Amino acid sequence: MSSDIFAKVQSVLDSIKEASVTNSQELETFRIKYLGSKNEIKALFGEIKNVANERKKEFGQLLNDVKKAAEDKFEQFRGEIESGDVSSGAGDLDLSAPSEPLEIGSRHPVSIILNRIIRIFERIGFAVAEEREIEDDWHNFTAMNTPADHPARDMQDTFYLKDSTSQLLRTHTSSVQARIMTSQKPPIRIIAPGRVYRNETISSRSHCQFHQVEGLYIDKDVSFADLKQTLLYFAREMYGVDTEIRLRPSFFPFTEPSAEMDVYWGLNNEDDYRITKGTGWLEILGCGMVDPKVLENCGIDPEEYSGFAFGMGIERQAMLQYKITDIRQLFENDTRFLKQFSGVM
Ligand code: PHE
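Using this note's numbering, the letters of the sequence shown correspond one by one to residues 3 to 347.
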């Protein structure tokens, strides 16, 4: 029994040694036969169970030699074809044949949603402000009225740069508020999109990196009614002309009063129940009137000026719009996933 198998292996080895190729098609045939995912040598490895115990080692070595011989031959053939020693089949080349269609990339769903948000706010006079992702403690926390003992500063939530207690990856785009207020004079009307980072366990619902859009409006006599109307306008542009919103009281260190905005999503099917937790309402963003302390920290006189701010996550909105159930898909760059968005602007 064993000797039959040895003979079989030997004959495979012989045919590899005797093989020759004259063009790239034959090279490919050789590759599939001896190195492809279902190659002949692999099948022989499976035979090891039929080899007597005392010869198993010898059998294994022989197979490794065969494998090596196939790999060496393949490299040798490939070299010959590339260097033109043998024909690459280029003689058959039809220069008039139409070329392969060029693959056009598609926009990432996060970019699609972000661009829509930007266009909506640009129409009412907001300018885009982009800022750094590596921030200092002052712009991310202190200026934003987040005291030194606030839990958000904890190492658990914030990624600090190596060996630093003051340089960090921004945890929210609110840091841009501080950057802009310390470098521009009111009136200020900006939206700040960008990536933010939090030290969170990665799961289907949360990730350690995501994107936000921040909005900031500072001028004389800005009121909560202005905030509300701006957000209503946004919600209707984004989610449809009949969209209803509601504001729930909330807390952020940098706004007073603070609120969270929900949009009415509906309760038409099981999915709606699941994503709105049975309420029909979906939380979209945090907002509020800029806390006078924040204005002061940034050198703006709160007696003269007031303003509102809001911040929203982009992945969440992309997931809602495109019914994506796992946030990780947005960061893996699997082209099979991304291709679905081709043609969407
Ligand atoms: N920065 C807040 C967050 O990350 C959102 C926010 C921005 C809230 C602006 C109020 C005003 O959750």
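Where is the CB? At the ideal position from N, CA and C, for every residue including glycine.
In this text the structure is predicted, and so the values were computed from the model without any measurement.
* Asked: Shortest alpha-carbon distance to Ala-54 belongs to which of Val-130, Phe-8, Thr-337, Thr-31?
  -> The closest CA to that of Ala-54, considering only Val-130, Phe-8, Thr-337, Thr-31, is found on Phe-8.
* Please list the segments of the beta strand (DSSP E) lying wholly inside the region 228-267, counting only runs of 3 or more residues, in order along the chain. => 247-254, 257-266
* Note down the Cα distance separating Gly-81 from Ile-182, rounded to an integer number of angstroms. => 60 Å
* To do: Check whether the Cβ of Ala-180 lies closer than 6 Å to any heavy atom of the ligand PHE, and answer yes or no.
  => no
* Asked: Is Ala-9 helix, strand or coil when you go by DSSP?
  -> helix
* May I ask which residues mark the beginning and end of the beta strand (DSSP E) holding Leu-170? => 169-171
* Please name the residue or residues paired with Asp-138 in a DSSP beta bridge. => In DSSP, Asp-138 forms a bridge with Gln-169.
* Any non-hydrogen atom of the ligand PHE closer than 6 Å to His-174 Cβ -> Yes, the ligand PHE has a heavy atom inside 6 Å of this Cβ.
* Which two residues bound the contiguous beta strand (DSSP E) that contains Asp-221? -> Note, Asp-221: beta strand (DSSP E), 211-221.
* To do: Could you check the C-alpha separation between Leu-171 and Phe-254 for me, to the nearest Å?
  => Roughly 20 Å between the two C-alpha positions.
* Separation of Leu-46 from Ala-371, as counted between CA atoms -> Residue 371 cannot be examined here, being either before or after the span of the chain that is shown, 3 to 347.
* **Collapsed DSSP secondary structure at Val-53 in the structure displayed** => coil
* In three-state terms, what does DSSP make of Tyr-324? -> helix
* Distance cut-off 6 Å: Phe-254 Cβ against heavy atoms of the ligand SAM -> Looking for the ligand SAM in the displayed structure turns up nothing; the ligands present are the ligand PHE.
* At a cut-off of 6 Å, is Cys-289 close to the ligand PHE when judged by its beta-carbon and the heavy atoms of the ligand? -> yes
* Between the beta-carbon of Thr-173 and the beta-carbon of Arg-200, is there less than 7 Å? -> yes
* Asked: Tell me which same chain residues have a C-beta within less than 8 Å of the C-beta of Ile-316, skipping the five on either side of it?
  -> Val-112, Ile-115, Leu-116, Ile-119, Pro-195, Phe-212, His-213, Gln-214, Val-215
* To do: Identify every residue that forms a DSSP beta bridge with Ala-45.
  => Answer is none; Ala-45 lacks a bridge partner.
* Thinking C-alpha only, which one of Gly-280, Asp-293, Thr-160 is nearest Phe-226? -> For the residues Gly-280, Asp-293, Thr-160, the minimum Cα distance to Phe-226 belongs to Asp-293.
* Is Thr-167 near the ligand PHE, judged by its Cβ being under 6 Å from some heavy atom? -> no
* First and last residue of the uninterrupted beta strand (DSSP E) at Tyr-199 -> 190-199
* Which residues bound the alpha helix (DSSP H) around Val-224? -> Where Val-224 is concerned, there is no enclosing alpha helix (DSSP H), given that its DSSP letter is neither H nor E.
* Which of helix, strand or coil DSSP assigns to Tyr-307 -> coil
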